[in-house]
Amino acid sequence: MKLVLAPMEGLTDPIMRDVLTSVGSFDWCVTEFIRVTDSVLPDHIYHTYCPELLNGGKTAAGTPVHVQFLGNNPEMLAANAVKVAAMGAPAIDMNFGCPAKTVNRHRGGSVLLDEPEIVYELVKAVRDAVPAHIPVSAKMRLGYMDRNFMMENAHAIEDAGAAWVTVHARTKADGYTPPAFWDQLQPIREALKINVIANGEIWSNADAKQCQLESGCEDLMIGRGAVTTPDLTQCIRQNNDEPLISWNELLGLQIRFLNGSYKKEMNMVGRYKQWLGMMSKHYPEAKALWDEVKRVKPLDEIIEKLKAAQH
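Just so you know, the sequence shown maps onto residues 46 to 356 in the numbering used here.
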């Protein structure tokens, strides 16, 4: 069973990847999407999105980080893929799942699912461009406004030479509203020779088992559930419904997050409060801590409160 940390814009950035892979049991993670338009991006852009390229393409914990592209220009996607492969990316993923309006308006992400022939062309351009030993994969939804091209898109990705496809079990129109339609992945898995990884609404070990049952997919990509419950992958691997790490250990992770090397360049306090709010759904201690820090603005003051809470 492969368990993968999902790419989520503004959420699973390098600091969050570092934290979650230090405690979780992920086979690999995927960067936030890197938008490609009409140029080959400079090194510093890649090192911002994926500083792990300076560490052999892995997080500090040793988890490989695949680089994800979003765009609709086959020549430029191919050229950027060649560059990032040379920089040490262990694999390249193509984004056909992003539901954001601004992205879709510029013919990126899930809107391309209405054009399976374009999906094929883009994946094939990247696959043909990079060395054979570097896997190319794609992430898609069930469709854009409907599921009319679901199978065509899955076949297009396979036919273009992708090593696997990850399917978020909702359309763009479904957004992130529950439920995820795991059963819709079964026909895709049965039709394709390449591996299909299931994604969407996996918040617990029970969800993971049910998703595997309904989708027929063994491998799972986990997004918000992994951020909300940082040891979720361990729970799934050990078939355990209760958290395996203590709140005290989680406090250490939160301090690690706030001490992230990019804190001067990012709104770390806002990002941290977002994460703490997500964890408060699962941990009563997070809810109590949220009440304590929600009005605190200085980063150092929050870190001191976390250290004081440790025992």
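Every residue, glycine too, gets a C-beta built ideally from N, C-alpha and C. All values derive from a computational prediction rather than experimental measurement.
**OP:** For residue 310, count neighbouring C-beta atoms within 10 Å of its own C-beta (all shown protein chains included) and say buried if the count is 16 or more, exposed if not.
**Re:** Because the pLDDT at residue 310 is just 47, under 50, the model does not fix this residue reliably, and the value given afterwards should be weighed accordingly. Classification for residue 310: exposed.
Original post:
For residue 299, which of 323, 282, 281 has the nearest alpha-carbon?
Top reply: Minimum Cα distance to residue 299 is reached at 323.
Subject >> Of the residues 297, 273, 208, the one placed nearest residue 379, counting alpha carbons only >> reply: With the chain covering 46 to 356 only, the question about residue 379 has no answer from this structure.
**OP:** Look at the Cβ atom of residue 239, then the Cβ atom of residue 201, and state whether they are nearer than 8 Å.
**Re:** Residue 239 places its beta carbon 8 Å or farther from that of residue 201.
Original post:
residue 277 lies in the alpha helix (DSSP H); which residues open and close that run?
Top reply: 277-282 is the extent of the alpha helix (DSSP H) around residue 277.
Subject >> residue 116 versus residue 183: straight-line alpha-carbon distance, rounded >> reply: Here the C-alpha atom of residue 116 lies approximately 12 Å from the C-alpha atom of residue 183.
Original post:
Is residue 203 near the ligand PLP, with its Cβ less than 7 Å from a heavy atom?
Top reply: As presented, the structure is devoid of all ligands, the ligand PLP included, so that no description of it is given.
Original post:
Going by DSSP, what residues sit across from residue 80 in a beta bridge?
Top reply: The partner list for residue 80 (beta bridge, DSSP) reads 115.
Subject >> Sub-8 Å separation of residue 141 and residue 122 beta-carbons >> reply: Remark: C-beta atoms of residue 141 and residue 122 do not approach each other more closely than 8 Å.
Subject >> From 95, 243, 229, 282, residue whose alpha carbon lies closest to that of residue 195 >> reply: The shortest CA-to-CA distance from residue 195 to any of 95, 243, 229, 282 is the one to 229.
Original post:
Under 8 Å, do residue 243 and residue 212 count as touching if we go by C-beta distance?
Top reply: For residue 243 and residue 212, yes; Cβs fall inside 8 Å.
**OP:** Starting from the C-beta of residue 47, find all residues in its chain whose C-beta is less than 6 Å away, skip the five residues before and the five after it, and write them out in chain order.
**Re:** The residues are 72, 264.
Original post:
Do the stretch 87-97 and the stretch 128-139 make contact, defined as three or more Cβ pairs closer than 8 Å?
Top reply: Cβ pair count under 8 Å is three or more, so yes.
Subject >> Contact the stretch 163-179 vs the stretch 72-86: 3+ CB pairs below 8 Å >> reply: Contact between the stretch 163-179 and the stretch 72-86 is absent: fewer than three C-beta pairs spanning the two stretches fall below 8 Å.
Original post:
Hey, residue 245 and residue 215: beta-carbon distance below 8 Å or not?
Top reply: Taking 8 Å as the Cβ cut-off, residue 245 and residue 215 qualify as a contacting pair.
Original post:
I think residue 189 touches residue 159, with their Cβ atoms under 8 Å apart; what is that distance to the nearest whole Å?
Top reply: The beta carbons of residue 189 and residue 159 sit about 5 Å from each other, so the pair counts as a contact at 8 Å.
**OP:** Excluding the 5 residues preceding and the 5 following residue 198 in the sequence, name in chain order all residues of the same chain whose CB lies nearer than 8 Å to its CB.
**Re:** For residue 198, where only same-chain residues beyond five positions count, the Cβ hits under 8 Å are 141, 158, 161, 164, 185, 188.
Subject >> Beta-carbon gap between residue 256 and residue 241 smaller than 8 Å >> reply: No, these two residues do not count as a Cβ contact at 8 Å.
**OP:** Give the straight-line distance between the Cα atoms of residue 251 and residue 222, rounded to the nearest whole angstrom.
**Re:** Rounded to the nearest whole angstrom, the CA to CA distance from residue 251 to residue 222 is 19 Å.
**OP:** Return the chain-ordered list of same chain residues with a C-beta closer than 6 Å to the C-beta of residue 270, the five sequence neighbours on each side being excluded.
**Re:** Result list for residue 270: 247, 248, 277, in chain order.
Original post:
Shortest alpha-carbon distance to residue 150 belongs to which of 217, 176, 302, 348?
Top reply: The shortest C-alpha separation from residue 150 is found at 217.
Subject >> Assigned secondary structure, residue 192 (DSSP; H/G/I helix, E/B strand, else coil) >> reply: Residue state, collapsed to three classes: coil.
**OP:** Let me know if residue 66 comes out buried or exposed under the rule of 16 or more other beta-carbons within 10 Å of its beta-carbon.
**Re:** So residue 66 ends up on the buried side.
Original post:
Taking the continuous beta strand (DSSP E) assigned at residue 209, which residues delimit it?
Top reply: Boundaries of the beta strand (DSSP E) around residue 209: 209-216.
Original post:
Helix, strand or coil: how does DSSP classify residue 186 here?
Top reply: Residue 186 falls in the strand class under three-state DSSP.
Original post:
For the candidate residues 85, 91, 112, 68, whose alpha-carbon lies nearest to that of residue 52?
Top reply: Looking at 85, 91, 112, 68, the one whose alpha-carbon comes closest to that of residue 52 is 112.
Original post:
What is the residue span of the alpha helix (DSSP H) that residue 88 lies within?
Top reply: Unbroken alpha helix (DSSP H) run through residue 88: 88-94.
Original post:
When you compare only the Cα positions, how much space is there between residue 70 and residue 337?
Top reply: One C-alpha to the other measures close to 31 Å.
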